[in-house]
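Read top to bottom, the protein sequences are chains A and B. Reminder that position 301 of the first sequence reads as 301 in full-length UniProt numbering, one-by-one numbering, no gaps. Reminder that position 167 of the second sequence reads as 167 in full-length UniProt numbering, one-by-one numbering, no gaps. Cβ atoms here follow ideal geometry from the backbone N, Cα and C, with glycine treated the same way. Just so you know, these numbers come straight off a predicted model, no measurement behind them. Below is one structure, written out as structure tokens, with a few remarks after it.
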Amino acid sequence: MTSANTGTEVGSFASRFNLQQYVVYLGFLAIFLFFAFMLRDSGFLTVRNLSNIVLQTAPVTIMAIGLVFVMSAGEIDLSIGSIVAVSALTAAVTIASYGMAAGIVAGLGAGILIGLINGALVAYVRLPSFLVTLATMGLFAGVSRSMTDLRSISVTNEAFTGFFGSGSLLGVPSLIWWTVIAIAVGHLIYRETRFGAHVLATGDNARAASVSGISVPKIRLAVLTISGGLAGLAGLLYAGRLQAAKYTLGETDLMTVIAAVIVGGTLLNGGKGSIVGALVGSLMMGMLNNGLILMGLSVSDQMIVRGLIILTAVAVSLRDKSR
Amino acid sequence: MSAPILQLQDIRKNFGGLTAIENFSLEVFPGEIVALVGDNGAGKSTLVKIISGVHPPSSGTITIEGKPVTMSNATMGRAHGIEVVYQDLALADQQTVYMNMFLGREPLNRFGLLDRRRMIDETEKLVKELDVRIPSAHATIRDLSGGQRQGVAIARATHWASKLILLDEPTAALGVAETAKVEAIVQSLEQRNVGILIISHSLDQVFKLSDRICVLRRGKQIGVRETKKTDKNEIIAMITGLQQQ
Ligand SMILES: Nc1ncnc2c1ncn2[C@@H]1O[C@H](COP(=O)(O)OP(=O)(O)O)[C@@H](O)[C@H]1O
Ligand SMILES: [Mg+2]
């Protein structure tokens with residue numbers, strides 16, 4: 001940096017840069033230390049419990065990656081929870097008749113297809129993503145219920161359950177591999193490619209993006225399709241780990257995913273975000289879940305505490321935006 | 001005198017039943033600043049959009065360096081070396097200065113990834129040349145003042161314009177000191193041998209910066225004057241259509 005160019009605003013620029021960037025890590029550390037101390041006799045700090053947190057968080061982390069792209073482009077995807085159930089059920093039914101490969105294609109395909117429908121309605125029919133995905137959330141929640149008449153479908157294909165759930169490679173559980181690979185690829189695309197830059201520009205100022213030659217509709221279509229595909233993958237991970245698919249899968253994940261993404265530093269209104277932040281946010285939500293259960297809080301108390309933490313996160317996010 | 005870089009011949013633009021521009025002809029030469037003046041609604045912004053490719057004209061021809069061109073969007077205008085600085089700052093506020101400089105045209109390294117080093121280096125070089133005083137190429141746009149932002153927008157246009165820079169009221173939203181700074185930057189562009197067309201409501205600014213002044217009234221060209229050979233009274237009379245006593 002040439003110091004000759006240094007103006008008067010360096011100070012405020014530097015302080016703003018730091019705080020927002022590290023809030024999620026500080027929050028993560030604080031909650032970790034809190035539980036490590038409070039639950040020191042309840043098994044919170046055991047390797048088994050900690051790795052369980054990471055395994056349980058994998059589907060939420062995968063969905064959070066998709067939502068970082070969607071929210072960075074200034075859109076929202078409320079349908080991810082319903083996509084999880086449709087994809088898991090589609091995969092489970094297909095595996096039973098046609099085997100693992102067909103099941104993967106069908107499960108992911110269902111997610112991508114729903115994402116494409118969301119994206120096309122937002123990008124080309126110009127409907128707001130909030131309303132489109134609110135509608136498809138309800139629509140596909142109905143589809144997943146009617147697909148198997150509310151029945152659970154078991155997944156007995158061991159190759160599939162190993163690949164997406166209980167298996168391991170080089171001593172590392174497959175769910176951790178999925179998390180690591182998805183985060184690495186997602187981060188690379190988000191931070192280091194033209195596509196990532198165009199997603200951010202679109203969410204930041206769609207008109208500026210458009211007059212700069214960026215195809216804003218294509219970006220909107222792409223982010224919602226990615227989100228659908230990743231929710232489909234999350235569905236496969238649930239089906240693999242639980243060795244069964246049911247319409248309830250993913251049902252309560254939407255709030256957790258949104259919270260993870262916002263806590264992780266992605267702005268609700270687009271233009272700024274972080275994939276690694278979303279991972280930390282997701283682990284934080286998982287840890288919170290785990291710790292609150294170990295502390296013996298009732299389900300309703302857990303929901304209240306989680307809700308309060310999400311409120312705090314949204315408040316911090318909006319405060320930053322308005323500065 | 002060298003050949004014109006831009007020639008407009010008999011340009012007409014209709015919006016439905018409304019004729020926004022008719023029989024408009026103008027030439028712009030390299031290294032020249034032409035000011036376009038006229039009342040609100042005279043059609044100045046429409047002309048900028050026609051020249052930059054955003055609105056194709058209903059009839060008439062646009063010639064760039066002797067070759068007639070047809071354009072149907074801003075991307076085609078950019079491909080012909082024409083850049084626009086908009087009054088309302090088409091910048092992405094939460095991105096860095098260097099990302100904005102290269103928005104939509106980011107250079108890639110041999111791995112197909114964003115070449116940040118190159119974007120930063122070229123941004124710093126240009127910002128220095130044009131004397132746009134910003135904290136750094138890494139600064140976020142929203143942390144800059146209005147003058148600094150408009151400086152970035154002009155730097156971006158300068159970086160990409162090989163033929164023509166169009167400025168649509170570039171200082172309309174700026175304070176006095178910031179306006180002076182932006183005017184100095186615009187003046188320095190003349191050495192780059194591109195054509196410059198500037199729209200402005202400030203006659204002081206027009207007389208300070210331009211080589212020629214083109215007056216537009218209700219979509220029609222009223223006349224073109226050499227700045228040195230005219231005065232404000234004549235230009236005001238042309239803009240308003242009233243003869244001054
Ligand atoms: N996209 C459009 N559709 C319809 N009418 C337009 C459009 N753009 C401009 N006009 C009309 O064309 C005329 C010229 O507008 P404009 O070029 O913006 O004027 P100026 O920039 O000189 O103030 C105005 O009457 C305006 O209402
Ligand atoms: Mg105008």
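Three-state secondary structure assigned by DSSP to residue i
i              : result
Asp-121(B)     : helix
Pro-7(B)       : Checking the sequence, you will find Gln at residue 7(B) rather than Pro. Of the three classes helix, strand and coil, the one that applies to Gln-7(B) here is strand, per DSSP.
Thr-245(A)     : The amino acid at residue 245(A) is misidentified as Thr; the sequence shows Ala. It is a strand residue.
Ser-202(B)     : coil
Gly-223(B)     : strand
residue 252(B) : Nothing in the structure corresponds to residue 252(B), since chain B is present only between 1 and 245.
Gly-17(B)      : coil
Glu-9(A)       : Low confidence applies to Glu-9(A): its pLDDT is 41, below 50, so where it sits in the model is not reliable, and the reading given next is rough at best. Of the three classes helix, strand and coil, the one that applies to Glu-9(A) here is coil, per DSSP.
Ile-111(B)     : The sequence shown places Phe at residue 111(B), rather than the Ile named in the question. In the structure shown, Phe-111(B) sits in coil (DSSP, three-state: anything other than H, G, I, E or B).
Glu-22(B)      : strand
Ile-214(A)     : coil
Val-28(B)      : strand
Met-303(A)     : helix
Asp-204(A)     : helix
Ser-42(A)      : coil
Val-125(A)     : coil
Pro-173(A)     : strand
Arg-12(B)      : strand
residue 246(B) : The first residue shown for chain B is 1 and the last is 245, placing residue 246(B) beyond what the model contains.
Leu-139(A)     : helix
Asp-149(A)     : coil
Ile-168(A)     : First, the residue type needs correcting, since residue 168(A) is Ser and not Ile in the sequence shown. Three-state result, Ser-168(A): strand.
Thr-225(A)     : helix
Leu-131(A)     : helix
Leu-29(A)      : helix
Arg-217(B)     : strand
Asp-168(B)     : strand
Arg-133(B)     : coil
Ser-154(A)     : strand
Thr-230(B)     : coil
Thr-140(B)     : strand
Arg-191(A)     : helix
Arg-212(B)     : strand
Ala-173(B)     : coil
Ser-162(B)     : coil
Arg-116(B)     : helix
Assumed close pair residue i, residue j - CB separation to whole angstroms, cut-off 8 Å
i          : j          : result
Gln-94(B)  : Lys-272(A) : 5 Å
Val-152(B) : Leu-91(B)  : 7 Å
Leu-167(B) : Ile-120(B) : About 26 Å; that fails the 8 Å criterion.
Asp-211(B) : Val-84(B)  : At roughly 20 Å, the Cβ-Cβ gap does not stay under 8 Å, so Asp-211(B) and Val-84(B) are not in contact.
Met-101(B) : Thr-75(B)  : About 17 Å separates the two Cβ atoms, so there is no contact after all.
Thr-198(A) : Ile-219(A) : Looking at the sequence shown, residue 198(A) is not Thr but His. That belief holds up - the Cβ atoms of His-198(A) and Ile-219(A) are roughly 6 Å apart, short of 8 Å.
Asp-77(A)  : Ser-129(A) : 7 Å
Ile-275(A) : Val-68(A)  : 6 Å
Gly-81(B)  : Ser-162(B) : 3 Å
Met-287(A) : Phe-32(A)  : 6 Å
Leu-230(A) : Ile-65(A)  : 6 Å
Thr-61(A)  : Ser-227(A) : Rounded, the Cβ-Cβ distance is 14 Å, inconsistent with contact.
Ser-2(B)   : Phe-29(B)  : 6 Å
Val-97(B)  : Ile-134(B) : 6 Å
Ile-21(B)  : Gly-219(B) : 5 Å
Glu-178(B) : Ser-145(B) : 7 Å
Gly-137(A) : Gly-81(A)  : Reading off the sequence, residue 137(A) comes out as Met, not Gly. So it is a contact: roughly 7 Å between Cβ atoms.
Gly-250(A) : Val-84(A)  : 3 Å
Cβ-heavy atom distance, residue i to ligand 3, below 6 Å
i          : result
Gly-119(A) : Ligand 3 is absent from the structure shown, which contains only ligand 1 and ligand 2.
Cutoff 7 Å: residue i Cβ touching any chain E Cβ
i          : result
Ser-212(A) : Although the question refers to chain E, the structure presented lacks it and instead comprises the protein chains A and B.
Point to revise | Whole runs of the alpha helix (DSSP H) within the stretch 230-298 of chain A, excluding any shorter than 4 residues | key: 253-263, 275-294, all fully within the stretch 230-298 of chain A.
Review point. Given 8 Å as the limit, is there contact between the stretch 184-192 of chain B and the stretch 147-161 of chain B, that is, 3 or more CB pairs closer than that?
Key: Proximity of the stretch 184-192 of chain B to the stretch 147-161 of chain B meets the contact definition, three or more beta-carbon pairs being nearer than 8 Å.
**Study point:** Inside the stretch 30-94 of chain B only - beta strand (DSSP E) runs reaching at least 3 residues
**Key:** Within the stretch 30-94 of chain B, the runs of beta strand (DSSP E) that reach at least 3 residues and sit entirely inside it are, in chain order, 33-37, 59-64, 67-69, 82-85.
Point to revise | Test item, CB below 5 Å from any non-hydrogen atom of ligand 1 | key: A Cβ closer than 5 Å to some heavy atom of ligand 1 marks a residue here, and those residues are Phe-15(B), Ala-20(B), Asn-40(B), Gly-41(B), Ala-42(B), Gly-43(B), Lys-44(B), Ser-45(B), Thr-46(B).
Review point. For the 8 Å Cβ check, are there 3 or more pairs between the stretch 258-276 of chain A and the stretch 112-128 of chain A?
Key: Counting Cβ pairs under 8 Å, fewer than three are found: no touch.
**Study point:** Three-pair Cβ contact test at 8 Å for the stretch 93-108 of chain A versus the stretch 249-256 of chain A
**Key:** Flag = no, the stretch 93-108 of chain A and the stretch 249-256 of chain A do not touch.
Check your understanding: Is the stretch 226-240 of chain A close to the stretch 161-181 of chain A, with three or more CB pairs under 8 Å?
Key -> They touch, by the three-pair rule.
Check your understanding: Are three or more beta carbon pairs between the stretch 50-59 of chain B and the stretch 216-231 of chain B nearer than 8 Å?
Key -> Cβ pair count under 8 Å is below three, so no.
Review point. Any chance the stretch 220-232 of chain A sits against the stretch 57-75 of chain A, with 3 or more Cβ pairs inside 8 Å?
Key: Verdict: yes, contact present.
Practice item. Take every Cβ of the stretch 188-196 of chain A, pair it with every Cβ of the stretch 107-117 of chain B, and state whether three or more of those distances are shorter than 8 Å. Key: Between the stretch 188-196 of chain A and the stretch 107-117 of chain B there are three or more C-beta pairs closer than 8 Å, enough to call the two in contact.
Review point. Do the stretch 137-152 of chain A and the stretch 241-249 of chain A make contact, defined as three or more Cβ pairs closer than 8 Å?
Key: With a cut-off of 8 Å, the stretch 241-249 of chain A and the stretch 137-152 of chain A count as touching, because enough Cβ pairs lie within range.
Point to revise | Contact between the stretch 126-144 of chain B and the stretch 175-189 of chain B (3+ Cβ pairs under 8 Å) | key: Yes, the stretch 126-144 of chain B touches the stretch 175-189 of chain B.
Check your understanding: In chain order, which alpha helix (DSSP H) runs of at least 4 residues are fully inside the stretch 36-102 of chain A?
Key -> Counting only runs of 4 or more, we get 47-72, 80-98.
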